[in-house]
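All remarks here apply to the structure that follows.
There are 2 protein chains.
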Amino acid sequence: MRGQVHADELAALVGEVAVRLGERWGSGGSLLDAMCAHALVPAGKLFRPILLLESARAVGGDVEVVLPAALGAECGHVASLVHDDIIDGDDLRRGRPSVQHQYGVDNAIVAGDALIFDLFAALAECRLTGASPERIVLALEVVSRCGIDLCRGQSLEAELCRHMDFDVDAYLTMVRLKTAAFFRAACECGALLAGGAEEMVGALGMYAENLGVAFQIHDDLLAYTWTSETTGKPGTSDIRNGRLTLPVLLAHAAADESDRLAIKEVLVGEGDPEPRREILAAILDRTGAVTAAAKVAQRYVRSALGALDALPPTISRERLRGFAEAAIDRDR
Amino acid sequence: MRGQVHADELAALVGEVAVRLGERWGSGGSLLDAMCAHALVPAGKLFRPILLLESARAVGGDVEVVLPAALGAECGHVASLVHDDIIDGDDLRRGRPSVQHQYGVDNAIVAGDALIFDLFAALAECRLTGASPERIVLALEVVSRCGIDLCRGQSLEAELCRHMDFDVDAYLTMVRLKTAAFFRAACECGALLAGGAEEMVGALGMYAENLGVAFQIHDDLLAYTWTSETTGKPGTSDIRNGRLTLPVLLAHAAADESDRLAIKEVLVGEGDPEPRREILAAILDRTGAVTAAAKVAQRYVRSALGALDALPPTISRERLRGFAEAAIDRDR
Numbered sequence: 004m005r006g007q008v009h010a011d012e013l014a015a016l017v018g019e020v021a022v023r024l025g026e027r028w029g030s031g032g033s034l035l036d037a038m039c040a041h042a043l044v045p046a047g048k049l050f051r052p053i054l055l056l057e058s059a060r061a062v063g064g065d066v067e068v069v070l071p072a073a074l075g076a077e078c079g080h081v082a083s084l085v086h087d088d089i090i091d092g093d094d095l096r097r098g099r100p101s102v103q104h105q106y107g108v109d110n111a112i113v114a115g116d117a118l119i120f121d122l123f124a125a126l127a128e129c130r131l132t133g134a135s136p137e138r139i140v141l142a143l144e145v146v147s148r149c150g151i152d153l154c155r156g157q158s159l160e161a162e163l164c165r166h167m168d169f170d171v172d173a174y175l176t177m178v179r180l181k182t183a184a185f186f187r188a189a190c191e192c193g194a195l196l197a198g199g200a201e202e203m204v205g206a207l208g209m210y211a212e213n214l215g216v217a218f219q220i221h222d223d224l225l226a227y228t229w230t231s232e233t234t235g236k237p238g239t240s241d242i243r244n245g246r247l248t249l250p251v252l253l254a255h256a257a258a259d260e261s262d263r264l265a266i267k268e269v270l271v272g273e274g275d276p277e278p279r280r281e282i283l284a285a286i287l288d289r290t291g292a293v294t295a296a297a298k299v300a301q302r303y304v305r306s307a308l309g310a311l312d313a314l315p316p317t318i319s320r321e322r323l324r325g326f327a328e329a330a331i332d333r334d335r
Numbered sequence: 004m005r006g007q008v009h010a011d012e013l014a015a016l017v018g019e020v021a022v023r024l025g026e027r028w029g030s031g032g033s034l035l036d037a038m039c040a041h042a043l044v045p046a047g048k049l050f051r052p053i054l055l056l057e058s059a060r061a062v063g064g065d066v067e068v069v070l071p072a073a074l075g076a077e078c079g080h081v082a083s084l085v086h087d088d089i090i091d092g093d094d095l096r097r098g099r100p101s102v103q104h105q106y107g108v109d110n111a112i113v114a115g116d117a118l119i120f121d122l123f124a125a126l127a128e129c130r131l132t133g134a135s136p137e138r139i140v141l142a143l144e145v146v147s148r149c150g151i152d153l154c155r156g157q158s159l160e161a162e163l164c165r166h167m168d169f170d171v172d173a174y175l176t177m178v179r180l181k182t183a184a185f186f187r188a189a190c191e192c193g194a195l196l197a198g199g200a201e202e203m204v205g206a207l208g209m210y211a212e213n214l215g216v217a218f219q220i221h222d223d224l225l226a227y228t229w230t231s232e233t234t235g236k237p238g239t240s241d242i243r244n245g246r247l248t249l250p251v252l253l254a255h256a257a258a259d260e261s262d263r264l265a266i267k268e269v270l271v272g273e274g275d276p277e278p279r280r281e282i283l284a285a286i287l288d289r290t291g292a293v294t295a296a297a298k299v300a301q302r303y304v305r306s307a308l309g310a311l312d313a314l315p316p317t318i319s320r321e322r323l324r325g326f327a328e329a330a331i332d333r334d335r
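Chains A and B, in that order, are what the protein sequence lines are.
Numbering-wise, the first sequence is residues 4 to 335 according to the numbering used here.
Numbering-wise, the second sequence is residues 4 to 335 according to the numbering used here.
Set out below in structure tokens:
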């Protein structure tokens, strides 16, 4: 019963985040407002804001205090999507035209920049909801470093692809930077701004980092196990961009010479990506790489769950536990 | 004599800023480190860090406290240059290949993003040099809003150019957002972090905003009065990008029908921009637009100087005065 009330409260809060995100850029009327609103609304799953809010609750804090930071987390996430879609040449995002496709690359660069700045503007707004300046500055440190990590991850990914570097450790480092750092920052910020003790902030950071790696591996798998109709984004983006994801790396490690050659040909190939995706999916299947990658993701989920043991038993901790279990069981 | 000591001290401090900027990204060895170091080093004029440092002093503060924020100001400025060079297709920056030219557009997007995040990381570092958390949060608010203003200015500029909107008021709004907001933020942050009183922060903000507009107008004029050898960046960028700068707007207002047509043809034209620049420079000359734009810049300089009267008489105030007088007398 208490769990249900909590879930309803959280759903209401997430609904409020979605509404406020719409208001944030929805009323200006300029090109920039239109682009940012297009990118933010309708909202996605709001997973990062949810992580931030649950982390605030998991340390016994007040979610109202951290609400602006939850908005900021989504702005920051969407900023990275806007710039990613330029880099990957993706025209579809959440089932709609990407910002770069709708407004052009130049405008999309500026829109992404504005959303990065808005992440920090939102963080500053926590001053008005009752967060202590000391805690806001600690969160500022976490968020800005996370942003740099994210860029390091993207840049490292570009290097790995360019060098065709089939190295699982390098991939895991890259994923930690590119995806898991943001999850970590969301949880740490929620806990920090809500006044959580250092060891709880640390435990939530550990949880989120492991969750983030599992999440990304599962995302990588979707390109080979689901269609774009399910995911709302093109399933061939990884192929077009010659991306070395974990299933591909594990397939390469397990493959014979002829399949290794085929993998390389798919990744450097040009033209219609769909037949190439099918070739790769078949190799992934016969080398058992999909199952092997899923197992690695499960290992990270177990680590995430383990980290939660350091937190007091609350409904929020159980919900965070549920997110970890669901992370490798999503279809989008 | 005291003025000389102050100038020497400041020169030493600015030298330290340059060295620390080099160290900030100079030792990592990754592609991202290489790109950020390429963009930051050798340092430019460091005008925004200088404004920030002098503002801290002008309110009687300790420059050591605000030093990280001064580094951040340059990171933020360089971030905008890196992304601008993508948008404008400029291959030359500070006499060297631009990041997008050297490393490609995709990598340059990521490098610019990293430098935006580093601006905020640097701001957080002021916690270690003795700035109060309250003041850091106020500075965070100023900087994040300034960043959004900057994006609004860039986006507005794109709109004005696309619509061939020869509107001086719209131009001035755009310049206030695109250029002056950053000057304002640098001065306000220096004053805020150094513990300055509200009215001093306001006076420095007013000074900087007017200085920024004058600075941008002068910059716009350079495209028609100087060559790329002097400025270290291509003098034809404004032409190639069909940019509606103040001298062009004033020439359009003063021109006859045939010259108005010629101006439009130059701005929408394709191919070699240099002959088009020469046509436009001749129209600017015969309509007196260069002189008229310079006069507008002078008016903003006078407003900037007037704002400084609210500050106590210090060497820093005199130096800020000198910057305003020199702003419209630069050749790069």
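Virtual Cβ for every residue (Gly too), placed ideally from N, Cα, C.
Since this is a predicted model, take the numbers as computed values, not measurements.
Asked	Found
What's the gap between the Cα of Leu311 of chain A and the Cα of Arg320 of chain A?	7 Å
So Gly150 of chain B contacts chain A; which residues on that side make the cut at Cβ distance below 9 Å?	Asp116, Ala117, Ile119, Phe120, Asp121, Phe123 and Ala124
By the DSSP assignment, the alpha helix (DSSP H) with Met167 of chain A in it spans what residues?	First-last for Met167 of chain A: undefined, no H or E at that position.
Nearest CA to the CA of Gly75 of chain A: which residue from A:Leu54, A:Gly64, A:Asp87 and A:Ala61?	A:Leu54
Measuring alpha carbon to alpha carbon, tell me which of B:Pro71, B:Arg99 and B:Gly79 ends up nearest His41 of chain B.	B:Arg99
Excluding sequence positions up to five away, which residues of its chain have a Cβ less than 6 Å from the Cβ of Pro136 of chain A?	none
State the Cα-Cα distance for the pair Pro276 of chain A and Leu270 of chain A, rounded to the nearest angstrom.	9 Å
Quick one: using the 10 Å Cβ neighbour count with 16 as the cut-off for buried, is Thr294 of chain B buried or exposed?	exposed
Which chain A residues sit within Cβ distance under 8 Å of Asp93 of chain B?	None at all; the shortest Cβ gap to chain A is about 12 Å.
Can you give the Cα-Cα distance for Gly63 of chain A and Val146 of chain A, rounded to whole angstroms?	21 Å
Which of the three DSSP states is assigned to Leu49 of chain B in this structure?	coil
For Cys154 of chain B, which residues in chain D fall below 8 Å Cβ to Cβ?	No chain D is part of this structure, whose protein chains are labelled A and B.
Below 8 Å, can you find three or more Cβ-Cβ pairs linking the segment 202 to 215 of chain A to the segment 278 to 290 of chain A?	no
Along the chain, where does the alpha helix (DSSP H) that runs through Lys298 of chain B open and close?	Ala292 to Leu311
When the cut-off is 8 Å and only beta carbons count, does Val370 of chain B lie next to chain A?	For residue 370 of chain B there is no data in the structure shown, the boundaries of chain B being 4 and 335.
So, under 8 Å CB-CB, Cys129 of chain B and Ile139 of chain B are touching, yes? Tell me the CB distance rounded to an integer number of Å.	5 Å
Can you look up Pro100 of chain B in the DSSP assignment and give me helix, strand or coil?	strand
When DSSP labels each residue in this structure, what does Leu153 of chain A get in the three-state scheme?	helix
List, in chain order, every chain A residue whose beta-carbon is nearer than 8 Å to that of Asp109 of chain B.	Ile89, Ile90 and Ala161
Quick one: using the 10 Å Cβ neighbour count with 16 as the cut-off for buried, is Met167 of chain B buried or exposed?	exposed
Applying the criterion that 16 or more other CB atoms from any shown protein chain within 10 Å of the CB defines a buried residue, is Ser355 of chain B buried or exposed?	The shown model of chain B, from 4 to 335, leaves out residue 355 of chain B, and the question about it has no answer.
When Cβ atoms are compared, which residues of the segment 195 to 221 of chain A fall closer than 7 Å to chain B?	none
Taking the straight line between their C-alpha atoms, what separation do you get for Leu207 of chain B and Gly31 of chain B?	37 Å
Rounded to a whole number of angstroms, what is the C-alpha to C-alpha distance between Asp121 of chain B and Ala292 of chain B?	40 Å
Pull up the distance between the alpha-carbon of Arg51 of chain A and that of Glu19 of chain A, whole angstroms please.	14 Å
Under three-state DSSP, which class holds Leu247 of chain A?	coil
Measure from the alpha carbon of Val108 of chain A to the alpha carbon of each residue in A:Ala124, A:Asp91 and A:Lys267, then state which is nearest.	A:Asp91
Report buried or exposed for Val69 of chain A, applying the criterion of at least 16 other Cβ atoms within 10 angstroms of its Cβ.	buried
Against chain A, does Arg130 of chain B count as a neighbour if the rule is that its beta carbon must be under 8 Å from one of theirs?	yes
How would you label Ala73 of chain A, buried or exposed, when you count the other beta carbons within 10 angstroms and need 16 or more for buried?	buried
Quick check: is the beta carbon of Ser158 of chain B nearer than 8 Å to any beta carbon in chain A?	yes
Within 10 Å of its beta-carbon, does Val8 of chain B have 16 or more other beta-carbons around it, so buried, or fewer, so exposed?	exposed
Among A:Asp65, A:Leu34 and A:Val22, which residue has its Cα nearest to the Cα of Gly47 of chain A?	A:Val22
For the segment 271 to 304 of chain A, which residues have a CB atom closer than 9 Å to at least one CB atom of chain B, in sequence order?	none
What residue range is occupied by the uninterrupted alpha helix (DSSP H) comprising Pro71 of chain B?	Val66 to Asp91
Counting only the same chain and skipping the five closest in sequence on each side, list residues whose C-beta sits under 7 Å from that of Thr132 of chain B.	Glu67, Val68, Leu70 and Pro71
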